[in-house]
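Same order as they appear, the protein sequences are chains A and B.
Quick note: the first sequence uses UniProt numbering, first residue 1, plus one each step.
Quick note: the second sequence uses UniProt numbering, first residue 1, plus one each step.
Glycine included, C-beta positions come from ideal geometry on N, C-alpha and C.
There are 2 protein chains.
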Amino acid sequence: MLVEPGSPTATPRPTAVPDLVEEAPRRRRGRPNVLSREQVIDAATAIANEDGLDRLSFRALGVRLGVAPMTVHRTIGGLDDLHAELVRRTVDEFTATFVWPDEWHAVVRVFARTFRDLMRTHPLVLESHSRRGALVSTESDAVVAKVVGALCDAGLPEVEAMYTFFVVYDFVVGHTSVQIGRGDDDTGRPERHTLVGQILGEHSYDARFDLGLDVLIAGIESRVARTA
Amino acid sequence: MLVEPGSPTATPRPTAVPDLVEEAPRRRRGRPNVLSREQVIDAATAIANEDGLDRLSFRALGVRLGVAPMTVHRTIGGLDDLHAELVRRTVDEFTATFVWPDEWHAVVRVFARTFRDLMRTHPLVLESHSRRGALVSTESDAVVAKVVGALCDAGLPEVEAMYTFFVVYDFVVGHTSVQIGRGDDDTGRPERHTLVGQILGEHSYDARFDLGLDVLIAGIESRVARTA
DNA sequence: ACCTGAACACCGTTCAAGT
DNA sequence: ACCTGAACACCGTTCAAGT
């Protein structure tokens, strides 16, 4: 069985304790901060959605927030932190949308499909997998736990279940990465003169993904059968 | 055989040729080109290897080649073309290194391992999968043909063999992408407080990759058995 | 304490001018 | 015909100065 590492609540906890130091860690008197991290992430999400991810910059954030670019820079900490925070928010929203079935086959499929959709609609999440290891936000642990748990119930030892989760994870990352890399205009028609073009003529990423999942599940099945 | 469009010497060339038009396709008289595409790719490869990929720029190329940045820019066509050419060269070298076994299991493993090594040592190749669809150079067709052929011999219909190739391909891209994204300093030790950290403690990307391959091959095997 | 303008060290690309 | 300097429109980040 899997142990939840900490409190599963997402809220920062009100801390109803009497009157000693409040929860705000490192802020004194003077002028209050004109900008919160939340506001920056809100604006960044808006820019990424409206103008595209490559229009997102501290200068653009400054314009949108009516503040000097350096203010947002210092508020958030740097470009890497901005991206990390953006990914974290998206992943957190994503983990809330799951509706888990019972059977382990279905659990794996739901995970793979939902995860694929997440990355296709949020390119930054995809990119974060090749720029820093992602899906490490503590909230996503619930997703990992569900899939790994299902594989354990199917009969795999815990460590093998964890690695098996990674196989599915790696496949989905790779598949989506290749599809996105082809650009939005790509309709799945490979170059005629290549071998792929000759064999396939036309090429559906959905079919490719589904077959990939089938192969993976067949593979897991045979390993489950062997360890049973 | 490939025809060299111009002299490979770095000097501006005295043009000792009589007076008719040579084999050069679209170049008239005037001053001969001071730069060939080959020279640009050579310099770009050197910079990428010595200083890292993010030090590669037209300005840096200009310094190294003793020429104005805009000259190399025009010679190669633009940033995308520079990257594409760089990937093409690396992939071409890669396709020459294969030693193919007989059994289809072994063919799949050799492909996956060699492809993984290629992307780990040449980050631009990996990146090109998320920036444009890669491995489309005609030379790489030989590799695709070998793997697909082996799967056909195993009993899969040609179209399914092609899609099955993609499953392996997607997995390798994803796995490598995630590993590289963790950075060179990453020793495979996941964060303690996450579920992954609790289950695995330490985490070997090699083991993860090998298990992934095992699952994929088991999956292919069961599909082969079904269609046989 | 917090905010900010200017500066630094970079980018890719356009384009008109030089030879 | 080919090469190039200057300019354009951007970057992230540092830092000293302002309030």
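message = According to DSSP, simplified to helix, strand and coil, what is Leu-61(A)?
response = helix
message = List, from N- to C-terminal side, the beta strand (DSSP E) runs of 3 residues or more that fit wholly inside the stretch 154-227 of chain B.
response = none
task = Ignore the nearest five residues each way along the sequence and tell me which others in Val-196(A)'s own chain have a CB closer than 8 Å to its CB.
result = Pro-190 and His-203
ask   = Which residues in the same chain as Phe-171(B) place their Cβ atom closer than 7 Å to its Cβ, once the five residues preceding and following it in sequence are excluded?
value = Gly-212 and Leu-216
ask   = For Ala-150(B), which of Arg-109(B), Arg-74(B), Tyr-205(B) and Ile-41(B) has the nearest alpha-carbon?
value = Arg-109(B)
key: Any 3 or more C-beta pairs closer than 8 Å across the stretch 141-161 of chain B and the stretch 155-170 of chain A   = no
request  = Would you kindly work out how many angstroms separate the C-alpha atoms of Ser-140(B) and Phe-94(B), rounded to a whole number?
outcome  = 9 Å
ask   = In terms of alpha-carbon separation, which member of Ala-154(B), Thr-114(B) and Thr-45(B) lies closest to Ala-228(B)?
value = Ala-154(B)
inquiry  = So the candidates are Ala-112(A), Val-91(A), Ser-57(A) and Asp-92(A); which of them puts its Cα closest to the Cα of residue 232(A)?
reply    = This structure cannot speak to residue 232(A), because chain A is shown only from 1 to 228.
inquiry  = Using only the alpha-carbon positions, how far apart do Val-224(B) and Tyr-169(A) sit?
reply    = 24 Å
query = Got a sec: is the Cβ-Cβ distance from His-73(A) to anything in chain B below 9 Å?
reply = no
ask   = Just checking, does the stretch 110-129 of chain A make contact with the stretch 66-76 of chain A on the three C-beta pairs under 8 Å criterion?
value = no
ask   = Got a sec: is the Cβ-Cβ distance from Leu-2(A) to anything in chain B below 9 Å?
value = Because Leu-2(A) carries a pLDDT of 38, less than 50, the predicted location of this residue cannot be relied on, and the following value inherits that uncertainty. At least one chain B Cβ lies under 9 Å of Leu-2(A).
request  = Identify the continuous alpha helix (DSSP H) that holds Thr-97(B) and give its terminal residues.
outcome  = Careful: Thr-97(B) lies outside any alpha helix (DSSP H) and carries neither H nor E.
request  = Measure the C-alpha to C-alpha separation of Pro-69(B) and Ala-142(A) and round it to an integer number of angstroms.
outcome  = 51 Å
task = Decide yes or no for the touch test of the stretch 60-67 of chain A against the stretch 90-105 of chain A: beta carbon pairs closer than 8 Å, at least 3 of them.
result = no
inquiry  = Just to check my reading of the structure: Val-178(B) and Val-148(A) have Cβ atoms closer than 8 Å, yes? What is that Cβ distance to the nearest angstrom?
reply    = That pair is no contact at about 17 Å.
key: When Arg-120(A), Cys-152(A), Val-63(A) and Thr-97(A) are compared against Ile-180(A), the one with the closest alpha-carbon   = Arg-120(A)
message = Could you compute how far the alpha carbon of Ala-44(B) sits from the alpha carbon of Val-34(B)?
response = 17 Å
query = Within this structure, are the beta carbons of Ser-128(B) and Val-87(B) separated by less than 9 Å?
reply = yes
request  = Over the uninterrupted alpha helix (DSSP H) stretch that includes Pro-69(A), give me the two end residues.
outcome  = 69-76
query = By Cβ distance below 7 Å, which residues in the same chain neighbour Arg-55(A) in space, the five residues on each side in sequence not counted?
reply = Ile-47
task = Say whether chain B places a C-beta atom closer than 9 Å to the C-beta of Val-172(A).
result = yes
ask   = How would you label Arg-208(B), buried or exposed, when you count the other beta carbons within 10 angstroms and need 16 or more for buried?
value = buried
ask   = Ordered along the chain, which non-local residues of its own chain (more than five positions away) have a Cβ less than 8 Å from that of Phe-165(B)?
value = Val-144, Val-147, Val-148 and Leu-151
query = Any C-beta of chain B sitting closer than 9 Å to the C-beta of Ser-36(A)?
reply = no
query = For a contact meaning CB atoms closer than 7 Å, what does Leu-200(A) contact in chain B?
reply = Val-159 and Met-162
task = Kindly indicate which three-state DSSP category Ala-33(B) falls into: helix, strand or coil?
result = Per the sequence shown, the amino acid found at residue 33(B) is Asn instead of Ala. Of the three classes helix, strand and coil, the one that applies to Asn-33(B) here is coil, per DSSP.
task = Taking His-105(A) as part of the alpha helix (DSSP H), name the residues at either end of that continuous run.
result = 104-121
request  = With DSSP collapsed to three states, give me the class of Gly-149(B).
outcome  = helix
task = Between the Cα of Gly-62(A) and those of Val-125(A), Ala-96(A) and Ile-41(A), spot the shortest distance and give me the residue it belongs to.
result = Ile-41(A)
Simplified DSSP assignment, three categories, for Leu-56(A) = coil
ask   = What number of angstroms, rounded off, separates the C-alpha of Gly-201(A) from the C-alpha of Asp-92(A)?
value = 39 Å
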